[in-house]
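Counting in UniProt numbering, the sequence shown tops out at residue 538, every number present.
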Amino acid sequence: MAQIRELVDLPLRHPQLFKEIGVKPPNRGILLYGPPGTGKTLIARAVADEAGAFFSCINGAEIMSSWPGESAKNLTKAFEKAEKKAPSIIFIDEIDSIAPNREKIYSEVGSKPNSIDPALRRSGRFDREIDIGVPDEVGRLEILRIHTKNMKLAEDVELERIPKDTHGYVGADLAALCNEAALQCIREKLDVIDLKNETIDAKTLNSIPKVSWEDIGGLGTVNRELQETVQYPVEHPEMFEKFGMSPSKGVLLYGPPGCGKTLLAKAIANECQANFISIKGPELLTMWFGESEANVRGIFDKARQSAPCVLFFDELDSIATRRGNSIGDAGGSGDRVLNQLLTEMDGMNAKKTVFIIGATNRPDVIDPALLRPGRLDQLVYIPLPDEASRLQIFKACLRKSPVSKNVDIQVLAKHTEGFSGADITEICQCACKYAIRENIEKTAPGASPKSLLSTWASRWRKILTFGPNIEREKKRKDNPQTMEEGGVEDEVPEIRAAHFEESMKYARRSVSDGDVHKYQGFAQTLQQSRGFESEFRF
């Protein structure tokens, strides 16, 4: 913003400063570029208001006409009007629609200055280019304060926490977030509020929970490796400079399915307060020539704009198979996508804290060029959890659930040998489902199934959020006389041992013993190819 003021506001309000030193004012053309919704139009309007200049907004698409010469006339009229009301600022929105690059056609029009014809960018025209990027945490907080200054927020709404959970959001996204929060509040209160009343109760505004290490059971060694690779360069960049070392760019997570590879990537991104972009390999592939490579370029451009950022490629084997082995790929599109991926990784600027994490269940088909130093050079094997890790996974899955004291989680961990983290999560979900079913059936007859489901779902949400003890205290506080006269508190729904026993009857392993041996063989082969055969010493 300071740079724009220097180029626009200063020449308009204080032209005598330039005359005194015998120079012409700076250029009169500025090209603002960046992702949609970052506030380019708003910035131009703010500068015009601050300088007291006439503001003329021209939409590039509206200027264009199907009649010959009509587009040029419309543009001439707009400039003549601005000249009569000088000093003025002419803002041409979507300029790429009337001045596209004559040599190339870009799919991401307006997001890059290269989409504008070079003749328009020479000296004396638009020779100053300013990147309006994605706001950082401080910028997001300022934007939120602007959009919520007239909103009636509850006391428990901590505005300072929202920017920490909205990495990669632009101004338009934050404005939409505020509007959606208000609409959600209205939706939940439609049955209990008077629509004619202007005031809105904001008690139901909730924040989105973050994925943290508490959500992941076990994998302590893996957590440490990811922290050293991703978190340390973000939080301690000066240490890498002191030792003259460039941090690693990428990590490959491989192992059986359902062991928490995606969850690990999300946790490390949130732990170091970085943006998280998750892409499944098949999503990048299209049937059109050159479009898959353009998708890869677009993803990396978005990651650079959102730095610090963790770029997570799930199912990496679908776009990074060994070159020349793509079955049925007559046009060689798979090889072109891989080449583009390697090019983008090699061209990653060291100053941009963008980390690449790949996940695959087939490390044997990954092209070796992707695993060399400087690319995905950190190989991390995610094995099936052992008994201690399974115990931690059970605790992580059930930490917000009202579990009976008679349930021995240690026994569950002991009898789930060979189960993955996803399998254990399914066991807990099934046990919870059986507990809900049992409590619904115990409810007094006469009530409709819809009302029963609504009542118990609401009660379970409170218990899972605050715990059973707080639920009892709230009930005692709301009806103290009833609780004292009854002498016995109503039973709070719990997940009992019988529910887990029923769940274990239908539990199944998603990874067979043969698959486990195969993955262990992959891990051993990769480790041997990376390590010394004998111990080295000075």
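Even glycine gets a Cβ: it sits at the ideal position worked out from N, Cα and C.
These numbers come from a predicted model, not from an experiment.
**Item:** Cα-Cα separation between Val-192 and Cys-185, rounded to whole angstroms
**Value:** Model confidence at Val-192 stands at a pLDDT of 42, short of 50, so the residue's coordinates are unreliable and nothing is read from them.
**Prompt:** With distances taken from CA atoms, which of Ala-294, Ser-292, Pro-237, Leu-219 is nearest Ala-267?
**Reply:** Leu-219
**Any beta strand (DSSP E) of 3 or more consecutive residues that is wholly inside the segment 337–409** = 354–360, 378–381
**Item:** Reduced DSSP secondary structure (H/G/I, E/B, other) of Tyr-506
**Value:** coil
**Request:** Leaving out five residues on either side along the sequence, give the residues of the same chain with a beta carbon under 6 Å from the beta carbon of Gly-250.
**Result:** Ile-356, Arg-375, Leu-376
**Message:** By alpha-carbon positions, which one of Ala-99, Leu-174, Ala-154, Leu-379 ends up nearest to Pro-135?
**Reply:** Leu-174
**Prompt:** How many whole angstroms separate the CB atoms of Ile-279 and Asp-314, which I take to be in contact at a CB cut-off of 8 Å?
**Reply:** 7 Å
**Request:** Report yes or no: do three or more beta-carbon pairs, one from the segment 86–103 and one from the segment 51–64, lie closer than 8 Å?
**Result:** yes
**Item:** Secondary structure of Arg-496, DSSP reduced to three states
**Value:** coil
**Request:** Could you check the C-alpha separation between Asp-335 and Pro-368 for me, to the nearest Å?
**Result:** 13 Å
**Prompt:** Exposed or buried, which one is Ser-333 when buried takes at least 16 other CB atoms within 10 Å?
**Reply:** buried
**Prompt:** Whose CA, out of Asp-156, Thr-41, Ile-299, Tyr-434, lies closest to the CA of Gly-171?
**Reply:** Thr-41
**Item:** For Asp-117 and Leu-226, the rounded distance between their alpha carbons
**Value:** 44 Å
**Item:** Boundaries of the alpha helix (DSSP H) in which Glu-238 is found, first to last residue
**Value:** 237–242
**Lys-33, enclosing beta strand (DSSP E) - first and last residue** = Note on identity: in this sequence residue 33 is Tyr, with Lys being the wrong assignment. From DSSP, the beta strand (DSSP E) with Tyr-33 extends over 30–33.
**Request:** Within 10 angstroms of the Cβ of Pro-256, are there 16 or more other Cβ atoms? Answer buried if so, exposed if not.
**Result:** buried
**Request:** Measure the alpha-carbon distance for Arg-128 versus Ser-88 and round it to whole angstroms.
**Result:** 18 Å
**Message:** Bridge partners for Thr-321 per DSSP, in chain order?
**Reply:** Ile-366
**Request:** Give the straight-line distance between the Cα atoms of Leu-342 and Glu-158, rounded to the nearest whole angstrom.
**Result:** 42 Å
**Asked** Nearest-angstrom Cα distance between Thr-353 and Pro-233?
**Response** 8 Å
**Request:** Kindly indicate which three-state DSSP category Phe-289 falls into: helix, strand or coil?
**Result:** coil
**Where Val-310 falls: helix, strand or coil (DSSP)** = strand
**Message:** Taking only three categories from DSSP, how would you classify residue 541?
**Reply:** Within the shown structure, residues of the chain are numbered from 1 to 538, placing residue 541 beyond reach of any answer.
**Item:** Candidates Gly-358, Gly-298, Val-310, Gly-347, of which the one nearest Asp-317 by Cα
**Value:** Gly-358
**Item:** One or two residues paired with Tyr-254 in a DSSP bridge
**Value:** Thr-360, Tyr-381
**Request:** State the DSSP-derived secondary structure class of Asn-223, mapped to helix, strand or coil.
**Result:** helix
**Prompt:** With burial defined as no fewer than 16 other Cβ atoms inside 10 Å of the residue's Cβ, what is the status of Val-411: buried or exposed?
**Reply:** exposed
**Local conformation of Tyr-106 per DSSP, three classes** = With a pLDDT of only 38 at Tyr-106, under 50, the local geometry of the prediction cannot be trusted, and the value read off the model is given with reservation. Tyr-106: coil per DSSP, three-state reduction.
**Which of helix, strand or coil DSSP assigns to Asn-150** = coil
**Message:** I need the DSSP call for Ile-279, collapsed to helix, strand or coil.
**Reply:** strand
**Request:** Give the straight-line distance between the Cα atoms of Ile-21 and Val-138, rounded to the nearest whole angstrom.
**Result:** 38 Å
**Prompt:** At which residues does the alpha helix (DSSP H) containing Phe-79 begin and terminate?
**Reply:** 70–84
**Asked** Which residues mark the beginning and the end of the alpha helix (DSSP H) in which Arg-128 is found?
**Response** Arg-128 -> not in any alpha helix (DSSP H); beta strand (DSSP E) instead, spanning 128–131.
**Asked** Counting pairs of Cβ atoms below 8 Å between the segment 414–424 and the segment 376–388, do you hit three or more?
**Response** yes
**Prompt:** How long is the line joining the alpha carbons of Arg-161 and Ala-497, rounded to whole angstroms?
**Reply:** 38 Å
**Asked** Going by the beta-carbon positions, is the gap between Ser-503 and Ala-413 smaller than 8 Å?
**Response** no
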